[in-house]
Amino acid sequence: MNSPTNQPASNAPDSSAKAPALPIWLIIVFFMLLYWGAVYFDEHGGWFDAQIYSPYVSAEQLKTYQVGGGPNVFEQGRQVYGRTCFTCHGAAGMGQPGTFPPLAGSDWVNEEQPGRMIRLVLQGFSGPGLKINGQPFNTGGAMVPWNSLSDDEIAAVITFVRGNKEWGNKAGPVTPAQVAAIRAKVKSHSQPFSPTELEAISPAD
Amino acid sequence: MKFGPLVFLAAFLGLSASWYGLVLTPQVQLGRATQETNSVVKTELYPVGRPGLAREGLEVYRANGCAYCHSQQVEQKGTLIDVVLTEVGTNSMNVANALNEAHVGDGKFNGPSVGAGLPKPVLKGATIENASVLANVLKKAGATAELHLVPTGSDIERGWGMRRSVAQDFISDATVMPGSLRVGPDLANVGARLPDLNWQLVHLFNPAAVTKGSPMPPYRFLFERRKIGKQPSPDALKLMGEFAPAAGYEIVPKPEAKALAAYLISLRSDVPLYEAPLTPPPAPAAATNAPAK
Chain A
2 MNSPTNQPAS NAPDSSAKAP ALPIWLIIVF FMLLYWGAVY FDEHGGWFDA QIYSPYVSAE
62 QLKTYQVGGG PNVFEQGRQV YGRTCFTCHG AAGMGQPGTF PPLAGSDWVN EEQPGRMIRL
122 VLQGFSGPGL KINGQPFNTG GAMVPWNSLS DDEIAAVITF VRGNKEWGNK AGPVTPAQVA
182 AIRAKVKSHS QPFSPTELEA ISPAD
Chain B
5 MKFGPLVFLA AFLGLSASWY GLVLTPQVQL GRATQETNSV VKTELYPVGR PGLAREGLEV
65 YRANGCAYCH SQQVEQKGTL IDVVLTEVGT NSMNVANALN EAHVGDGKFN GPSVGAGLPK
125 PVLKGATIEN ASVLANVLKK AGATAELHLV PTGSDIERGW GMRRSVAQDF ISDATVMPGS
185 LRVGPDLANV GARLPDLNWQ LVHLFNPAAV TKGSPMPPYR FLFERRKIGK QPSPDALKLM
245 GEFAPAAGYE IVPKPEAKAL AAYLISLRSD VPLYEAPLTP PPAPAAATNA PAK
């Protein structure tokens, strides 16, 4: 009378307790999804960089978007001009006859090489004998040195003055590196330049 | 409980991992953020702190639950580039040829007329790669070109902002109000969009007076209706037509309303930043002629 159905339940192996084998395709799909997720994160996640926001995806990519250089140096220069140069040289760069030399159309400004103009801004000038466009200009005062401005600011303001088409100026831009080079050269020159000293310097130097 | 320590350990690991990711890491990255340089005008810092009245206004904004209907975060879907020709240089023939070879625009540039009407865009809505290639080609041809960044996205097309909002926009506030619902328009840049103080006050007093059909409730309790004394108050609202108070009466904003309006006007996030670059539109001539003092 030992039919299998009459066996006590405790003796039978409990088939439901054994975990069913995971189908192999499910495991493959799982790992494929994991791989896709990792690749997606790598391409879009920005690797937790605090400066990366969508739509940008990486620091290198964001760097390529920093193209606001050229024209905006000009606008930065306009601001520096408004803070520093405007008081004497005026909003239109015309200066004041007999007191402050004009910047608009001046040969000092429109030289091809900016060496003299950078020196003028850095170290100022004083002394008689200033000529503008070949004409003697009687200046009552002197220009204070602006070496407290940074290289970036001086480059920007000179770029603004030299390239200001509203004033009829057409000279090229100046880089902060050019300013830095001349700043190092004029360090030994503690006094403001006199016009004759400036004229003796080669503009390319 | 057989697996007590294991369950505890798993729960502890799960919670501490999310605390690390959601609280500690952002705090380390952004918690001590200070003013950042404007990425275009390198001498300006952003954000400038809010004026004292606007700080009080933030509390009014918070107390009246403005954030339940207004968000302060602009979305951005992408950034497109316009290549703007600024100078042709000495050889305009070369420049015209370069443009024609690059197949931009209608492809019919010619030497004498390529320099007309500068600065002008020669390529619009390009990717940064294509724009840089064209800029290099133009540079080789002796011309000067600027790359203008144009953020895109539905929020920006609606005029709600010029670029996406980033963490830097919020660092001057102790309580940030980014909001999540948009029953009303986004306010991240409302100070640039609607800088008129009287408009803001009238809108708070009676939104329908300036925006027809506005679902915004009026905030009349921020104002006082009173008899005009010897002199009308200089602060009294300029209300027109059917919205004007009865003769002999005026509507004067309480300090809360003034603070809230000052806060709204101080909300602007249109400054170009390193992490959210953009090319600002040219400043109006009047503003540039008056030098900053």
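Going line by line, the protein sequences match chains A and B.
The first sequence: position 200 = 201 (the numbering used here), numbered continuously.
The second sequence: position 161 = 165 (the numbering used here), numbered continuously.
No residue lacks a Cβ here, since even glycine has one placed at the ideal position from N, Cα and C.
Do residue i and residue j have their CB atoms nearer than 8 Å?
| i | j | result |
| --- | --- | --- |
| residue 109(A) | residue 95(A) | no |
| residue 268(B) | residue 195(B) | yes |
| residue 55(B) | residue 89(B) | no |
| residue 282(B) | residue 40(B) | no |
| residue 123(A) | residue 183(A) | yes |
| residue 85(B) | residue 130(B) | yes |
| residue 175(A) | residue 197(A) | no |
| residue 102(B) | residue 141(B) | yes |
| residue 209(B) | residue 230(B) | no |
| residue 263(B) | residue 60(B) | yes |
| residue 138(A) | residue 199(A) | no |
| residue 167(B) | residue 21(B) | no |
| residue 179(A) | residue 143(A) | no |
| residue 132(B) | residue 82(A) | no |
| residue 60(A) | residue 50(A) | yes |
| residue 50(B) | residue 275(B) | yes |
| residue 87(B) | residue 135(B) | yes |
Is the Cβ of residue i closer than 8 Å to any Cβ of chain B?
| i | result |
| --- | --- |
| residue 41(A) | no |
| residue 71(A) | Any reading at residue 71(A) must be qualified, since the residue scores a pLDDT of 43, below 50, and its modelled position is unreliable; the value itself is stated next. Interface residue, yes. |
| residue 179(A) | no |
| residue 115(A) | no |
| residue 44(A) | no |
| residue 124(A) | no |
| residue 176(A) | no |
| residue 77(A) | yes |
| residue 36(A) | no |
| residue 63(A) | yes |
| residue 80(A) | yes |
| residue 68(A) | yes |
Is any beta-carbon of chain A found at less than 8 Å from that of residue i?
| i | result |
| --- | --- |
| residue 51(B) | no |
| residue 45(B) | yes |
| residue 281(B) | yes |
| residue 2(B) | The requested residue 2(B) is not part of the displayed model; chain B covers only 5 to 297. |
| residue 132(B) | yes |
| residue 278(B) | yes |
| residue 34(B) | yes |
Helix, strand or coil: how does DSSP classify residue i here?
| i | result |
| --- | --- |
| residue 282(B) | coil |
| residue 130(B) | strand |
| residue 230(B) | strand |
| residue 79(B) | coil |
| residue 65(B) | helix |
| residue 166(B) | coil |
| residue 85(B) | strand |
| residue 50(B) | strand |
| residue 144(A) | strand |
| residue 147(B) | coil |
| residue 156(B) | strand |
| residue 196(A) | helix |
| residue 66(A) | coil |
| residue 256(B) | strand |
| residue 133(A) | strand |
| residue 21(A) | coil |
| residue 9(B) | helix |
| residue 71(A) | Residue confidence for residue 71(A) is low, a pLDDT of 43 falling below 50, so the modelled location carries little weight and cannot support an answer. |
| residue 112(B) | coil |
| residue 41(B) | strand |
| residue 262(B) | helix |
Would you mind giving the Cβ-Cβ distance between residue i and residue j, rounded to the nearest angstrom? I have them listed as a contact below 8 Å.
| i | j | result |
| --- | --- | --- |
| residue 72(B) | residue 185(B) | 6 Å |
| residue 190(B) | residue 77(B) | 7 Å |
| residue 173(B) | residue 270(B) | Between residue 270(B) and residue 173(B) the Cβ distance is about 12 Å, and since that is not below 8 Å, they are no contact. |
| residue 81(B) | residue 156(B) | 6 Å |
| residue 92(B) | residue 118(B) | 6 Å |
| residue 1(A) | residue 106(A) | Outside the shown range of chain A (2 to 206) lies residue 1(A), about which nothing can therefore be said. |
| residue 202(B) | residue 241(B) | 7 Å |
| residue 146(B) | residue 83(B) | The Cβ separation is near 28 Å, so there is no contact. |
| residue 37(B) | residue 175(B) | 5 Å |
| residue 151(B) | residue 68(A) | 4 Å |
| residue 96(B) | residue 115(B) | 5 Å |
| residue 78(A) | residue 158(A) | 4 Å |
| residue 116(A) | residue 204(A) | 5 Å |
Looking at chain E, which residues of the stretch 74-88 of chain B have a Cβ within less than 9 Å of any of its Cβ atoms? Absence of chain E from the displayed structure is noted, the protein chains being A and B.
To be precise: take each residue of the stretch 160-186 of chain B, compare its Cβ to all Cβ atoms of chain A, and keep it if any distance is under 7 Å. Which residues remain? 168 and 170
Check each residue of the stretch 153-167 of chain A: if its Cβ is closer than 7 Å to any Cβ of chain B, include it; give the result in chain order. 153 and 154
If you measure beta-carbon to beta-carbon, which residues of the stretch 124-152 of chain B are closer than 9 Å to chain A? 132, 133, 135, 136, 139, 148, 149, 150, 151 and 152
Taking a Cβ distance cut-off of 8 Å, strictly less, list which residues of the stretch 48-61 of chain A are near chain B, in chain order. 49, 51, 52, 53, 54, 55, 56 and 57
For the stretch 91-119 of chain A, which residues have a CB atom closer than 8 Å to at least one CB atom of chain B, in sequence order? 92
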